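The block underneath contains the structure these notes are about, expressed in structure tokens.
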Amino acid sequence: MSYTFKTKVFPTKLVGGGILNDPKIPNPDLDKNNPKISIVLPTYNGERWLAQSIESVITQTEKNWELIIVNDCSKDNTLKIAESYAQQDQRICVFSNTTNKKLPATLNIGFQYACGKYLTWTSDDNLYKPKALEVMARYLDDNPKTDLVCADQDYLSEDGEFLGTLIERLPPRIPIVLLYSCNVGGAFMYRKTITDKIGKYDENTFCAEDYDYWCRIALAGTITYINDNLYQYRMQSQSLTVTKKNQVAEKTKYIREKYFSQFCEKFKLNDKERVKLLYLSKLYKKDERFNKYRYMFFWFSLRRRIGEFLAMFIFWNKPIRHKIRRNFGVQLESQ
Numbered sequence: 011m012s013y014t015f016k017t018k019v020f021p022t023k024l025v026g027g028g029i030l031n032d033p034k035i036p037n038p039d040l041d042k043n044n045p046k047i048s049i050v051l052p053t054y055n056g057e058r059w060l061a062q063s064i065e066s067v068i069t070q071t072e073k074n075w076e077l078i079i080v081n082d083c084s085k086d087n088t089l090k091i092a093e094s095y096a097q098q099d100q101r102i103c104v105f106s107n108t109t110n111k112k113l114p115a116t117l118n119i120g121f122q123y124a125c126g127k128y129l130t131w132t133s134d135d136n137l138y139k140p141k142a143l144e145v146m147a148r149y150l151d152d153n154p155k156t157d158l159v160c161a162d163q164d165y166l167s168e169d170g171e172f173l174g175t176l177i178e179r180l181p182p183r184i185p186i187v188l189l190y191s192c193n194v195g196g197a198f199m200y201r202k203t204i205t206d207k208i209g210k211y212d213e214n215t216f217c218a219e220d221y222d223y224w225c226r227i228a229l230a231g232t233i234t235y236i237n238d239n240l241y242q243y244r245m246q247s248q249s250l251t252v253t254k255k256n257q258v259a260e261k262t263k264y265i266r267e268k269y270f271s272q273f274c275e276k277f278k279l280n281d282k283e284r285v286k287l288l289y290l291s292k293l294y295k296k297d298e299r300f301n302k303y304r305y306m307f308f309w310f311s312l313r314r315r316i317g318e319f320l321a322m323f324i325f326w327n328k329p330i331r332h333k334i335r336r337n338f339g340v341q342l343e344s345q
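Residues 11 to 345, numbered by this note's numbering, are exactly what the sequence shown covers, in order.
And the structure:
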């Protein structure tokens with residue numbers, strides 16, 4: 011199946027084939043053979059692993075997709091690699107920013123031209139497992155009340171060594187936990203209809219734009235977590251998580267403060283549960299409503315430290331260490 015893209019990107023330029031047109035005018039050619047799934051791949055200086063990332067899309071068991079690669083003004087061979095795949099597979103198109111726009115703006119540019127009813131994005135250093143798109147799309151097909159589905163993933167070193175899984179590392183994967191732990195991961199898929207409700211990625215939340223988006227989906231719709239392991243996330247030294255660690259922490263705190271009250275209202279938390287959420291989210295606000303529960307902060311901290319101390323002695327078994335930390339950690343009643 012082939013797709014004809016008639017698009018004009020501003021302030022980006024079309025680097026593949028196609029006819030330039032006004033993006034505000036509906037393109038009738040896109041209505042005939044719409045792909046089921048749209049994948050956006052933003053990339054900046056990603057030549058090292060980009061080909062592997064693209065190949066992991068091409069080898070999917072689900073074939074009804076389009077891949078929109080947005081090159082964010084790379085200075086290496088990223089554009090050349092992306093174009094070579096676009097020339098071989100008509101499901102792939104490439105756009106290139108004329109200036110470096112950063113991740114959230116680049117995502118918005120890519121999704122502006124997405125035609126699928128299901129949307130997702132991936133990174134140039136990460137990999138889909140072969141059935142990833144099939145499993146997540148089928149789940150959305152079978153569960154119309156779910157707006158976003160997310161799965162388990164492997165963590166890999168820069169050299170591809172297995173380091174563990176998402177489920178092993180995180181607290182229980184339920185929506186309320188999202189406010190204090192970004193538990194969606196890299197294997198996710200959401201409906202186009204939920205984006206119509208919540209809008210674009212917030213360009214002011216660079217370094218935590220995905221976290222902000224998941225919080226907005228949790229508040230406006232429904233997130234479901236599945237245990238299928240469908241993705242490989244590479245822990246590498248040049249990722250934004252590493253190179254902009256302080257900025258990630260700053261934006262994360264901003265997002266948690268921004269949505270705290272809305273999460274409490276949506277999940278109907280009582281005062282004691284709100285205090286727990288304040289602690290878990292590291293939002294130590296001065297609020298008179300919670301003064302009578304201040305002693306809880308001390309108890310929460312003590313429990314956590316006991317868990318960390320005990321986990322030190324199980325240095326040879328990572329899953330057991332994580333289990334000890336969870337058991338001595340603070341949990342909401344809804345967990």
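Note that CB positions come from ideal geometry on N, CA and C, so glycine has one too. Here the structure is a predicted model, which means the values were calculated and not measured.
Contacting residues, own chain, Cβ-Cβ under 7 Å from E267 (five flanking each side not counted): Position 257 of the sequence shown holds residue 267. Counting only Cβ-Cβ distances below 7 Å, and skipping sequence neighbours, we find L293.
In chain order, each beta strand (DSSP E) run of at least 3 residues that lies wholly inside the stretch 75-99: As far as the stretch 75-99 is concerned, its whole beta strand (DSSP E) runs of at least 3 residues are 75-81.
Coil, strand or helix - C4 by DSSP: Since the first residue of the chain shown is 11 and the last is 345, residue 4 is not available in this structure.
Limits of the unbroken beta strand (DSSP E) element including M245: Here residue 245 is taken as the residue at index 235 of the sequence shown, counted from 1. Membership of M245 in any beta strand (DSSP E) is not indicated, and neither H nor E is assigned to it by DSSP.
N-terminal and C-terminal residue of the alpha helix (DSSP H) that A197 is part of: If you number the sequence shown from 1, residue 197 lands on position 187. It is not in any alpha helix (DSSP H) - A197 carries neither H nor E in the DSSP assignment.
Coarse secondary structure for F172, derived from DSSP in three states: As a working mapping, residue 172 is identified with position 162 in the sequence shown. Three-state result, F172: strand.
Nearest to A197 (by Cα), restricted to the options L129, N153, S247, V285: Walking along the sequence shown from the start, residue 197 turns up at place 187. Among L129, N153, S247, V285, the Cα nearest to that of A197 is on L129.
Three CB pairs or more closer than 8 Å across the stretch 147-160 and the stretch 81-89: With fewer than three CB-CB distances shorter than 8 Å, the stretch 147-160 does not count as touching the stretch 81-89.
Beta-carbon gap between F273 and K112 smaller than 8 Å: Mapped onto the sequence shown, residue 273 falls at position 263. Mapped onto the sequence shown, residue 112 falls at position 102. Taking the C-beta atoms as reference points, K112 is found no nearer than 8 Å to F273.
7 Å CB neighbourhood of N153 in its chain, flanking five on each side removed: Along the sequence shown, read from residue 1 onward, the residue named residue 153 stands at position 143. Cβ within range, chain order: T234.
Straight-line gap, Y264 to A142 (C-alpha atoms, nearest Å): Taking the first residue of the sequence shown as position 1, residue 264 is located at position 254. Taking the first residue of the sequence shown as position 1, residue 142 is located at position 132. Pairing Y264 with A142, the inter-Cα distance amounts to about 32 Å.
Sub-8 Å separation of L166 and L173 beta-carbons: Here the question's residue 166 lines up with position 156 in the sequence shown. Here the question's residue 173 lines up with position 163 in the sequence shown. A contact, by the Cβ cut-off of 8 Å.
Per-residue burial, D151 [other beta carbons within 10 Å of its own, 16 or more giving buried]: Along the sequence shown, one-based indexing puts residue 151 at 141. The residue in question, D151, is exposed, as its Cβ has fewer than 16 Cβ neighbours within 10 Å.
As assigned by DSSP and simplified to three states, the class of N55: Start at 1 with the first residue of the sequence shown, and residue 55 comes out as number 45. In the structure shown, N55 sits in coil (DSSP, three-state: anything other than H, G, I, E or B).
C-alpha gap between K207 and L229, whole angstroms: Here residue 207 is taken as the residue at index 197 of the sequence shown, counted from 1. Here residue 229 is taken as the residue at index 219 of the sequence shown, counted from 1. For K207 and L229, the distance between alpha carbons rounds to 11 Å.
Supposed close pair A161, D238 - CB separation, criterion 8 Å: The sequence position of residue 161 within the sequence shown is 151, counting from 1. The sequence position of residue 238 within the sequence shown is 228, counting from 1. Their Cβ separation, rounded to whole angstroms, is 5 Å, which keeps A161 and D238 in contact under 8 Å.
Assigned secondary structure, Y190 (DSSP; H/G/I helix, E/B strand, else coil): On the sequence shown, residue 190 is found 180 positions in, with the first residue counted as 1. It is coil, neither helix nor strand.
Which of helix, strand or coil DSSP assigns to C217: Here the question's residue 217 lines up with position 207 in the sequence shown. In the three-state scheme derived from DSSP, where H, G and I count as helix and E and B as strand, C217 is classed as coil.
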